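Participant:
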Amino acid sequence: MDYSITKFLWSLLGLFIILNWGMLMSSTMRRVGARLAGRIGVPMYQPWIDLAKLMALKTWLSHGVMYYIGPVFRLVGGVGMFLFMPIIFGSEIWSNYSFSGDLILLLYFQSFGMLGMAMGASDSSSPHASIGISRGLAQFAAVEVPMTLAVIAIAIQHQTFSFNSIMEAQQGGVLNWTIFTNPLASIAGMLAMLGAMSHSPFNLVKAPNEIPIGPPTEYHSSFLSVLRTNSAIIHVVEAALFMNLFFGGADTWLMYIVKTFFVYFISVFVGMVFPRMKVEDSVRWFLKWPTAVGIIAVLVAAYWK
Amino acid sequence: MDQYLGQVVMAIGFILAILGLYGLLSQKNMIKMILGFSIFTTGVNIIMVAIGYVKGGTAPILDAEGNAVAKFVDPVPQALVLTSIVIGLGVTAMMLAYVMKLYQDKKSLNINDYKDLKW
Amino acid sequence: MVGPIYIIALALGLAFFLGFFGKSAKTLSVYLMLAGLAAMTCISGTWLSAFIDGSVSTQEIYTAGFKPPYSINLRMGLEEAAFTFIINLIGLLGGTYLFQTLKKAGNAAMSVFIILIMSLNVIVMTRDLFNLFVFVEIGSIATAGLILLDKESKALQAGLKYMIATGVISGLLLIGIIFAYSFVGNLNIDAIIGANLAGTTAGMVAAFLIVVVLVLELKPFPANGWGLDVYEAANPGVGALVSAAIGTASLFVLHKVLPMAGESFYPYIVAVGVITFVGSNLVGTQQKNANRLLGYSSIGQLGLVVAVIGLEPVLGTSFKFIAFALIINHVLAKAGLFWISGIIRKANISEWSVLRTKPALLISFLIFIFALIGFPPFPSFFGKYQLIMNLISSDNIGTAAFILIGSFAEGIYMFRWVGDALKNEVAEDATESLDCGKLNKVLPVLLMAVAVVAAGYLSIPFVDGAYSTYFIPLAFIMFIGLIDSFLPAVVKNVVSIAGMAYFTYVMYPIIEGDLMRSIFFGIFMIGGILTLIPGFAKKGKREGFYPAALLMYAGLATIITADNTFGFFFGWELMTAGSYFLIIRGKRSKAHAYSYMLFSVAGAYLILFGFGFAYQAIGSSLLEGLGEIKLLPTLAYTALAIGFMTKTASLGLHIWLPGAHGEAESDVSPMVSAVLLKAGVFGLMLLFLNMGDNGETILYVLGWVGAFTALMGNLSATFQEDAKRMLAYSSIGQLGYILFAISMMTTLGWLAGFTYVLNHFMFKSILFMVVGGIVVATGTHDLYRMGGLIKKMPLAFIAVMVAMITMAGLPPLSGFAGKWLFYNAVILKGWYIQGVIVFFAGTIAFMYAYKMLHSIFFGQLKDNHRNLKELSPAILIPAYILIAGIMYFSVFPQDVLQPINELLVSLNLGDTLTWAADGNATTVLSNWNGNAVMIIIVTTFALVLLYTMLITGKTKKLEQFNIAYSAERPFRPETTHYSHNMFAGLNKAIGFLVAPGITSFWNNVSTMVMDFAGMVRRIYSGNGQVYAGQIIVYIIVFYFIALGK
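Chains as they are written, first to last, in this note's numbering: chain A, 28 to 332; chain B, 7 to 125; chain C, 308 to 1352.
#1: Let's see if you can read the secondary structure: which residues bound the beta strand (DSSP E) around C/Gln366?
#2: With respect to the beta strand (DSSP E) encompassing C/Leu381, which residues constitute its N-terminal and C-terminal limits?
#3: Is C/Tyr377 helix, strand or coil when you go by DSSP?
#4: List the residues of chain B that C/Phe645 touches, going by C-beta distances under 7 Å, in chain order.
#5: Using a C-beta cutoff of 8 Å, does C/Glu972 count as contacting chain B?
#6: Exposed or buried, A/Gly104, counting other C-beta atoms within 10 Å across all chains shown (16 or more means buried)?
#7: Compare the C-alpha of C/Tyr1036 against each of C/His968, C/Phe989, C/Gly1056 and C/Ser740 and name the closest.
#8: For C/Ala541, tell me which candidate among C/Ala502, C/Phe628, C/Phe324 and C/Lys468 has the shortest Cα-Cα distance.
#9: For chain A, check one thing: does any of its Cβ atoms lie closer than 8 Å to the Cβ of C/Gly893?
#10: Could you please give me the residues that DSSP links to C/Tyr1272 through a beta bridge?
#11: Using 8 Å as the cut-off, can you tell me whether the stretch 666-686 of chain C makes contact with the stretch 569-579 of chain C, which would need three or more C-beta pairs spanning the two stretches below that distance?
#12: So what's A/Ser127 in DSSP terms, helix, strand or just coil?
#13: Count the other CB atoms, across all protein chains shown, that sit within 10 Å of the CB of A/Val300; report buried if there are 16 or more and exposed otherwise.
#14: May I ask you to report which of helix, strand or coil DSSP gives C/Ala1228?
#15: Quick one: give me the first and last residue of the alpha helix (DSSP H) that C/Trp1127 is part of.
#16: Using a Cβ-Cβ cut-off of 8 Å, state whether C/Met1154 counts as contacting chain A.
#17: Against chain C, which members of the stretch 149-169 of chain A pass a CB distance test of less than 9 Å?
#18: Per DSSP, which one or two residues make a beta bridge with C/Trp1235?
#19: Just to confirm before moving on: does the CB-CB distance between A/Gly159 and A/Gly97 stay below 8 Å?
#20: Which word fits A/Met201, buried or exposed, when buried means at least 16 other C-beta atoms lie within 10 angstroms of its C-beta?
#21: Hey, is the stretch 791-803 of chain C in contact with the stretch 1037-1044 of chain C, meaning 3+ C-beta pairs nearer than 8 Å?
#22: Going by alpha carbons, who is nearest to C/Lys330 out of C/Ile314, C/Ala342, C/Arg382 and C/Asn414?
#23: Relative to chain B, which residues along the stretch 430-447 of chain C have a C-beta separation below 9 Å, given in chain order?
#24: Apply the 10 Å Cβ neighbour rule to C/Val1008 and answer buried if 16 or more other Cβ atoms are within range, or exposed otherwise.
#25: Would you say C/Gln1201 reaches chain A, if we count a Cβ-Cβ gap shorter than 8 Å as a contact?
#26: Contact defined as beta carbons within less than 8 Å: I believe C/Tyr404 pairs with C/Lys665. What is the distance between those atoms, to the nearest angstrom?
#27: Buried or exposed: which applies to A/Trp204, given that a residue is buried once 16 or more other Cβ atoms fall within 10 Å of its Cβ?
#28: Do you know how far the Cα of C/Ile397 is from the Cα of C/Leu548?
#29: In the DSSP assignment, what are the bridge partners of B/Asn35?
#30: For the alpha helix (DSSP H) that contains C/Thr1053, what are its first and last residues?
#31: Checking 8 Å against the spacing of the C-beta atoms, do C/Pro375 and C/Ala498 come in under that value?
#32: Need the endpoints of the alpha helix (DSSP H) that A/Asp308 sits in, please.
#33: Would you grab the beta carbon distance between C/Ala630 and C/Phe584 for me? Rounded to a whole angstrom, and I think it's under 8 Å.
#34: Please identify the residue among C/Asn1294, C/Asp727, C/Thr1062 and C/Leu618 whose C-alpha is closest to the C-alpha of C/Gln1201.
#35: What are the boundary residues of the alpha helix (DSSP H) that C/Phe437 is part of?
#36: With respect to the alpha helix (DSSP H) encompassing A/Leu164, which residues constitute its N-terminal and C-terminal limits?
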């Protein structure tokens, strides 16, 4: 185990890159969305401006201790996910702190930020926050079913939960990617991703029309900047997770950027096409088709070798 | 006829006992039921006597010749019958006492009127 | 030594003599009668002690100077001495109890009373068949006389029915006797037995008549309506005599004459007994009248002993002990209950709550009921254990099963009664009818209660595996019970904690070195002490709480330390009884405690049934037998598994739990949830380790059951509005995980299981303690009525938050260890789909974790909670000790899991886990370093927090309503607290999964049983003639079944 300062600084650099890539990616997607809607959209640097503005706005209003700590939890969740997953396959310096655990750790650490944020938002006493959270949790539970099935199918296929081993198994050509070697698991996993990314049609957590932006509803200025920072990071990290599982991982930063963009684009693209679902509908949906595919994937992986 | 006497008496005893039981089970009037019961015990007693019967037997008293031992009518059933009659008397008396008390209570002798306790 | 003949002489003389006493000296007469009874008791008592010493041998007493067959002879042996002693003692105490009644009724009644007791003595001692008949008749007439003590119409009717029935019975007996005589030429019972009547058809008919008629004296189901009526209508003092004294004598007679019918007849007697035991108890379930209920129970218990008598050839050397234990238990308990009934004078059992005004009687009542059901430490427990062991050892599995079913049916009404007595409202005028002013009424009851405990203690040497050390904690509990009503709760709490600590210290060496037992022992004992601490926050005396809690913990400790099935079962039942009394203390717990008890008793009997097979396998009670079962292993293991699963509340057997845990007192919930449920887990682990190859199918099924239990428990918890019920459902879910984990039967699975066991113990203790405290403080169970309490109770919040994060399995806390192990175990085991269900359950757990945290601590503070303060240190201190435990486990998981891992490897469970020196755990699939995760997360957290503080600056707190609520300013907290039906969407989507199907299933089962009982009991039409007819039909049917071929 390596707790050295060099390691720390490399990881910090990686985090910085990913943060900026995340912001760039989000402005790109906003522009794509705007073009689809016939608008021009924001300038590419808009996220940086927003972030700088929010950071600069000092706040002196807080609803309580948990309210204060909520964004911290959220950001720790995002950063932690980043830290527990290797960035570049085969690279020691870009392996982060992935030695402390593997896919399972990551799956559960996802929830760390969520729960902290949920508590923080709840502390604001705004019913909008808790409505959003309750919807989010319900959907999350449903999304986890195909997700878990996909993960299990992959674990059976590769007999490992380790990111490195999963990526290793996918090296040596596009056809070795899980999406081709285990298409059913990949379909289940990618459908789950749509839910995990919380874009339309599964964006009922923030549902801007009915419960103005949900959990973060009471967060403003610098608190919001922390949340924005996190969302930039987490979008990339989530995309990277699916990239590592299904698309062979990345052995260079270029591949990393291309593949995460592609994975992220899928979710945004679907979001452009489909309108938002109600909670019960999205829960049912995830427990129906993606789950069915996932079960078949697991059975195929287990018994049809 | 003589040699069947024991069996005939026993048959009569059984018939009486069964008749008595039938009476006990079929009559709704409690006095009649008790009569049935008495007939039943009488029948039982007759059966007992019949069991002890020895053809041409004598009373179980030792005489001078000493051959009475062979010709004894078994004394035990007779003793038993005596006891049994006494007990039957006691039971019948007790039942009648109960019926009397019950009649004082509800002015009815019909057994169907005394079903306050059930299930 | 005074000759036994003087018992008879004395009684006859006295009865005669009493007749001369005028009506003026009634008091003196009663005293004389009692003196006579005391003398009779003394005579049989001295004989009994002489026989026990071995200083005398069996005596034959010849009357009139001749030997049989020319005279009637009596016998005085150990058995006769014991039985006459019991009868005379019941006579003496019963006479004492009836003092006023007898005095009022006059000298004639006293004569009848003493004649009845005398006749019973003769019935026991005589070896002459006709003499037997005479005294049976005398007994019947005397009984009919005593029924007249209460000159009510009902008593009269019952008396007449009794006379008719016994008249018919004795007439038939006479026919049997005379034919037996005619074939054998002798009336001596031993001579008739020696003559082998059964050898000829006609002889067999005679023997059949004699035996069946004597069976009918014992009121076999269903030809027993006349007996029931007597129990219901007669003075309870007479009921006690009929049940205890006459019943005992009749049993002895049956035992005496049964050999006449030959070996081949015994099974029919067993059938008669079992049918009576099951039938009578089953029909009794519908009964609400106390005395009649006691009648059903009496008939049932006598039926059980009849079955045991029929089993004599099977039971061999254990027969005498089993029969005597069951008889003495029945006599003491039933006489006591009838006498209590006479004091209470409430016909309907629902009015027996008035007992609560008389603690001594209440405790006696409870002792009697628990003795009847066969709980330790009462003699029937010993007897039933040995009976079942012997039955299964001799391949009488069906008989054993039916006896257990009958016992369960008895529990159905007995525990309903207990519940009524403990929980129903006491009507204001209820105490007016009480008749407990006189010592002569209360004292016999208390004596019986003491005697039944003592009889239990005396049973120890007769049962394989029973040690007197099991009684040590019981003695301590009795001591606590004695000081219970004098001292305040604080003192008792200190004494209890000290007692438990000392007990732990003393007992630990027994299990030292056995890691699995040590873990559970630690959970039970440390958990016990920690969960007792919140009791310091309670005021008043808390009568009954400490004996119950200690009883439960004593039971739990015994389960762990026992090396044999007897000890295990002893502990199991103590624990069940203790937890029942704890659970029923809750305000609205009556129904829930009742269903808890029914499931527990059924489960316990299944366990006993399974243990029988282990006993059969090795011929002793050692636990090793569990691994050797060769006879019907699947049945045995399934029974054991289901038995244990009633305690782990697995799917299908869980319906008792939410109410029982949810409605329990605030400091009882952690005891029964966090600690108690682990007993079931321990049992299952013990079972699984022993099942071997026979258990594979069972394990596979249990894996599915565990998975669905987890899903159902968590999903139900999510939809709860009641805080404690939410936690209770959560327990079901967590226990589902544990069941699933240990069903995998791999090292990783068991490690996950142990992790869950430890975690659940810690976080559920914290949650129930703290949430329980909050429920008390806020005065509501409803989550949506709480809110905003983080401002009032920050320490409580932190405790709940830590516990919830542990429960949800989030890294870096120890809950994640369980999840990680789970994933590995599932993949390696190949239980994928089940695993997915479990993981789905895990994410659902998240939702109620949030709902609870949010609804209690966040959102809007209610107006009526503005003055609340932080919870009492009595709650917070144990909670924080447990948090320290969670933290230690989280930071150094290897310290805990590595030794367990080694244990599991030594148990050959395969799939190992390796630990590196730096705390990195590796399986073939995966790695995880709990230590590193903790360091990374804590560091990241600190840095991010620092960053946030840097960019936010100093903040000021906003007011409660100062929120952006659609641009409105809310002014009522209720309208702005989003909690009720929080997961409506999820409920719409998959709520149907937790529709209460299982509850309605059990409701239907119970309705069916009740309806069936209600239908069957219509045979007791109340018509004396019908009853006599039933007797005849019974004999005819019996004849065709037994001799018809």
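Built from N, CA and C at the ideal position, the CB exists for glycine as well. Bear in mind that the values here come from a model prediction, so they are computed numbers and not experimental data.
Facilitator: For this structure:
#1: For C/Gln366, the enclosing beta strand (DSSP E) has its first and last residue at Gln366 to Tyr369.
#2: Asn380 to Met383 is the extent of the beta strand (DSSP E) around C/Leu381.
#3: Looking at C/Tyr377 - three-state DSSP - the assignment turns out to be coil, as it is neither helix nor strand.
#4: Going along chain B, no residue has its Cβ under 7 Å from C/Phe645, so there is no contact; the nearest lies around 17 Å.
#5: False, the Cβ-Cβ gap to chain B never drops below 8 Å.
#6: Buried: at least 16 other Cβ atoms inside 10 Å.
#7: Restricting attention to C/His968, C/Phe989, C/Gly1056 and C/Ser740, the CA atom closest to the CA of C/Tyr1036 is found in C/His968.
#8: Nearest to C/Ala541 by C-alpha distance, out of C/Ala502, C/Phe628, C/Phe324 and C/Lys468, is C/Lys468.
#9: No, C/Gly893 lies away from the interface with chain A (no Cβ there is under 8 Å from its Cβ).
#10: According to DSSP, which records beta bridges pairwise, C/Tyr1272 is partnered with C/Glu1275.
#11: Verdict: no, contact absent.
#12: Correct three-state label for A/Ser127: helix.
#13: With fewer than 16 other Cβ atoms within 10 Å, it is exposed.
#14: Under the three-state reduction of DSSP, C/Ala1228 is assigned to strand.
#15: In the DSSP assignment, C/Trp1127 falls within the unbroken alpha helix (DSSP H) covering Gly1122 to Lys1136.
#16: Yes, its Cβ sits closer than 8 Å to a Cβ of chain A.
#17: Per Cβ criterion, the list reads Ser149, Asp150, Ser151, Ser152, Ser153, Pro154, His155, Ala156, Ser157, Ile158, Ile160, Ser161, Arg162, Leu164, Ala165, Gln166, Phe167, Ala168 and Ala169.
#18: Answer by DSSP bridge pairing, in chain order: C/Ala1228.
#19: Their beta carbons are not under 8 Å apart, which means A/Gly159 does not touch A/Gly97 by this criterion.
#20: What sits at residue 201 of chain A in the sequence shown is Val, not Met. The residue is exposed, with fewer than 16 neighbouring Cβ atoms inside 10 Å.
#21: Contact fails: fewer than three Cβ-Cβ distances are below 8 Å.
#22: Answer by Cα proximity: C/Asn414.
#23: From the stretch 430-447 of chain C, only Phe437, Phe440, Val441, Glu444, Ile445 and Ser447 have a Cβ closer than 9 Å to chain B.
#24: Label assigned to C/Val1008: exposed.
#25: It does not: the Cβ of C/Gln1201 has no partner Cβ on chain A nearer than 8 Å.
#26: No, C/Tyr404 and C/Lys665 are not in contact; Cβ-Cβ is about 16 Å, not under 8 Å.
#27: When all chains shown are included, A/Trp204 counts as buried.
#28: Rounded to the nearest whole angstrom, the C-alpha separation of C/Leu548 and C/Ile397 is 7 Å.
#29: When DSSP reads this structure, B/Asn35 sits in a beta bridge with B/Asn116.
#30: Following the DSSP letters along the chain, one finds C/Thr1053 in no alpha helix (DSSP H), marked with neither H nor E.
#31: Contact flag set, yes.
#32: Element bounds for A/Asp308: Val306 to Tyr330.
#33: In this structure C/Ala630 does not touch C/Phe584 by the C-beta definition: roughly 14 Å separates them, more than the 8 Å allowed.
#34: Taking only the C-alpha atoms, the option nearest C/Gln1201 is C/Thr1062.
#35: Where C/Phe437 is concerned, the enclosing alpha helix (DSSP H) stretches over Leu436 to Ile454.
#36: Start and end: Pro154 to His185.
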